[in-house]
Amino acid sequence: MLRRKDDGTVQLYVTLKQPTPEELAQFRNSYDPEEQKEIKQLKGNDKDQLLFRGKIYIPRQQQKEFVRKFHKDPLHGHQGMFKTTKRLQEKYNFPELRQMVKQVIKDCNIYNKAKAARHKPYGLLQPTEIPDKVWNTIAWNFITGLPTSKDPITGVEYDTVWVIIDRLTKYGYFLPFKGTATAEQLAYAFIRYYLDKHGVPEKIISDRDKLFTSKFGTSFFKQIGAKLRFSTAYHPQTDGQTERLNQTLEQYLRSYVNYQQNNWVELLPLAQIAYNTSVNEDMGISPHTAVYGHDAETQRPEQSIRKAPIITAVAPRAETVVTEIKTAQARLQSELQFLQQRMAQYYNKKRIEGPILARGDKVYLLRQKQNATTNLSQIKTKRPSDKLDFKKLGPFKIEEVISKTNYRLSLPKTMRIHPVFHISLLEPAPKDAPLKKNLEIEKDDNEYEVEKILDSRMVKNKIQYLVK
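If you read the sequence shown in our numbering, its first letter stands for residue 6, the second for the next number, and so on.
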C-alpha cells in the first residue's frame with residue numbers, strides 16, 4: 006500500500022500474506038502418525054494454532070508444496086535461498102526448513118531461467134594439439150565490413166581480408182577477398198593462393214562462416230582430405246591466433262591507410278611482409294625464419310649490393326640449412342607446448358571445471374555473454390523486451406557429449422542454429438523441468454531473395470540499396 010505523508014514523501018507499506026482459516030484447518034488434519042507424536046511438543050496460542058518454535062507448523066506431507074507455492078507467489082517474487090527462508094520464518098517453521106527451501110529453489114524452472122549466473126564461467130582451457138610439421142594445421146577467418154578498395158593491377162574491388170595462419174610457425178597470409186564470394190570461389194582461391202605452395206593441410210580451424218559450412222564447402226575440403234574444425238555456436242574461441250593476428254593487421258592498416266580508406270588492398274602485401282619478418286614475442290624468432298630458416302631482408306644496405314657473391318659448395322650448405330630449419334621447428338613445437346601450459350594456468354584461474362554432464366541430461370542455454378571481454382554473441386528471442394526476457398533458454402536435452410567442454414543439444418527445429426555449444430553457455434536444469442519444444446529466435450544473418458532494387462545511395466564510400 007502507498008501512503009503520501011504531509012511533507013510530500015511517499016511510503017510503501019507491505020502486508021505479509023496471512024494463512025486463511027481453511028489453510029490452518031487443513032494443516033491440523035494433515036498430520037501423519039509420526040507427527041501425531043510430535044504434537045505433544047507443540048504449544049497452542051490463544052487461537053489454538055499449532056506452533057513449532059513459536060511459528061505456525063506446516064505438516065510434513067504439505068511442506069514441499071507449501072514452500073513451492075510460497076516461493077512463486079508474486080508477493081514473494083521468486084527470490085533466492087536467503088530471502089525466501091527469512092520471509093518464510095516470519096510466520097512459519099518446521100524442521101529442516103532451509104533444506105526444503107534449497108530443494109524447491111533448485112527445482113524451480115522459472116527461477117533458474119530468470120536468475121543470472123554468478124559463478125565463474127564453466128570450462129577449463131582445452132589446448133589444441135601442437136602441429137608437428139609446418140603447414141600441417143592452419144587457421145583462418147575473415148575481416149569483414151571494410152570500405153571498398155581496388156586492386157591497382159586488376160581493378161577488382163574488395164571489401165574483405167582473408168587471413169590464413171600456420172599454427173606452428175605463425176606465418177600469415179593476408180589476401181583480399183569479396184564478402185559476396187561463393188563457396189566455389191573460396192575453393193578456387195584456396196587452390197590458387199595456398200594449395201600450390203604448401204599442399205593439403207591435415208586440419209583447418211575456422212569459425213562458422215557460411216562459406217565453410219555450406220554443402221559445397223564441407224564437401225570440397227572433405228574430398229581433398231582436409232579436416233575442418235569449427236568453433237561452437239555463440240562461442241567463437243576455437244583458435245585465438247587468428248583473432249590476435251586480425252588485431253595486428255587492423256592496427257597496421259589503421260596506421261597507413263589514406264583518408265578515404267580505399268587503398269588498403271595495396272597495403273596488404275606490405276603488412277604481410279612486416280608481420281612475417283617481425284620477431285614473435287613467444288617464439289623468439291620471426292615467422293619467416295621459422296619457415297625458411299633465415300631472415301628476410303626488408304632493407305638491404307648499399308654496400309652489400311656491391312659485394313661480389315661468394316661461391317660455396319651448394320650441397321653441404323643446403324643440407325645445413327635443412328637441418329637448421331628442422332631444429333628450429335622442433336624447438337618451436339616444444340616452446341608452444343610450454344606456452345600452452347602457461348596459458349592454461351592463467352586462463353583457468355578465472356574459470357571452474359563445471360558440472361559433469363551426460364547424454365540425456367537437461368540443461369539451460371545462456372542467452373548472453375557473461376563478461377565484456379568475450380566475443381560471445383547474444384541469442385535474441387522474439388519477445389518484445391530483452392531486459393525482461395529470461396537469462397537462459399530451455400531446458401533442452403543433451404543429445405551427444407562431444408568432449409569435456411562441447412555438447413550437442415536437441416533443439417527445436419524452429420531455432421535453426423548450430424546445436425553444439427561450449428559448457429560455459431550451459432547450466433544444469435532440474436530433472437523434472439519441462440523441455441522447451443517450441444522456440445523461435447532472431448537470426449543475425451537472415452537471407453532474403455531480392456525481388457527488385459528500388460534505389461541506391463552512397464554512405465561512407467559504401468553503396469546501400471533499397472530493395473523490395
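Glycine residues also receive a C-beta, built at the ideal position from the N, C-alpha and C atoms.
Secondary structure of residue i, DSSP reduced to three states
i      : result
Phe226 : helix
Leu341 : Per-residue confidence for Leu341 stands at a pLDDT of 49, beneath the threshold of 50, marking its modelled position as unreliable; the derived number appears in the next sentence. Of the three classes helix, strand and coil, the one that applies to Leu341 here is helix, per DSSP.
Ile384 : coil
Thr486 : Here the chain comprises residues numbered 6 to 473, so residue 486 is not present and cannot be evaluated.
Asp460 : strand
Thr165 : strand
Ala318 : Reliability of the predicted coordinates at Ala318 is poor, the pLDDT of 48 falling under 50, and the value obtained from them is presented with this limitation in mind. Coil.
Ile403 : strand
Val425 : strand
Arg249 : helix
Tyr261 : helix
Asn376 : With a pLDDT of 41 at Asn376, under the threshold of 50, the modelled position of that residue is not reliable, and the figure given next carries that caveat. Residue state, collapsed to three classes: coil.
Tyr116 : helix
Glu447 : strand
Tyr412 : strand
Lys107 : helix
Arg364 : coil
Leu477 : Residue 477 cannot be examined here, being either before or after the span of the chain that is shown, 6 to 473.
Arg88  : For clarity, residue 88 is Lys in the given sequence; the question names Arg instead. Three-state result, Lys88: helix.
Leu440 : coil
Leu471 : strand
Lys138 : coil
Tyr178 : strand
Lys155 : strand
Lys232 : strand
His203 : helix
Glu286 : coil
Asn281 : helix
Counterpart residues of residue i in DSSP-defined beta bridges
i      : result
Ala144 : Ile170, Ile210
Asn98  : Tyr62
Phe57  : Lys60
Glu432 : Tyr369
Lys397 : Leu371
Ser390 : Note: Ser390 sits in no beta bridge, so no partner.
Member of the options whose CA lies at the smallest distance from the CA of residue i
i      : options                        : result
Leu180 : Glu447, Pro206, Phe147, Lys441 : Phe147
Asn263 : Tyr62, Gln190, Ser154          : Ser154
Asp112 : Gly85, Val166, Thr294          : Gly85
Tyr163 : Ser408, Pro433, Glu271         : Glu271
Ile143 : Ile158, Val168, Arg172         : Arg172
Gln68  : Gln383, Leu102, Phe87          : Leu102
Ala301 : Ile278, Ser408, Val425         : Ile278
Leu414 : Leu362, Asp391, Lys396         : Leu362
Lys397 : Ile384, Asn411, Arg372, Lys227 : Arg372
Arg421 : Thr149, Leu275, Lys409, Lys385 : Lys385
Lys207 : Lys138, Tyr280, Lys387, Glu358 : The sequence as given places Glu at residue 207; Lys does not occur at that position. Checked all of Lys138, Tyr280, Lys387, Glu358; the closest Cα to Glu207 is Lys138.
Val72  : Thr149, Ser390, Phe426, Asn98  : Asn98
Ile115 : Pro79, Trp145, Lys88, Pro100   : Pro79
Asn251 : Pro292, Val166, Asp366, Thr223 : Val166
Thr253 : Leu233, Lys227, Tyr261, Tyr280 : Tyr280
Phe75  : Ala295, Lys96, Pro400          : Lys96
Pro136 : Ile209, Pro64, Thr159          : Ile209
Val296 : Lys202, Thr159, Glu70          : Lys202
Glu445 : Glu405, Lys409, Pro360, Pro389 : Pro389
Glu447 : Thr149, Leu56, Thr419          : Thr419
Val406 : Lys125, Lys367, Pro417, Lys91  : Lys367
Residue i, buried or exposed, once every other Cβ within 10 Å from all chains shown has been counted against 16
i      : result
Pro241 : Summary for Pro241: the model assigns pLDDT 46, below 50, so the residue's position carries little reliability, and this model does not support an answer.
Ala192 : buried
Asn443 : exposed
Gly49  : Any reading at Gly49 must be qualified, since the residue scores a pLDDT of 48, below 50, and its modelled position is unreliable; the value itself is stated next. Exposed, because fewer than 16 other Cβ atoms sit within 10 Å of the Cβ of Gly49.
Ile428 : buried
Asp212 : buried
Ile229 : exposed
Val284 : exposed
Glu432 : buried
Leu393 : exposed
Thr174 : buried
Arg249 : exposed
Ala438 : buried
Leu275 : exposed
Ile110 : buried
Asp460 : exposed
Ser291 : buried
Ile403 : buried
Leu273 : buried
Gly365 : exposed
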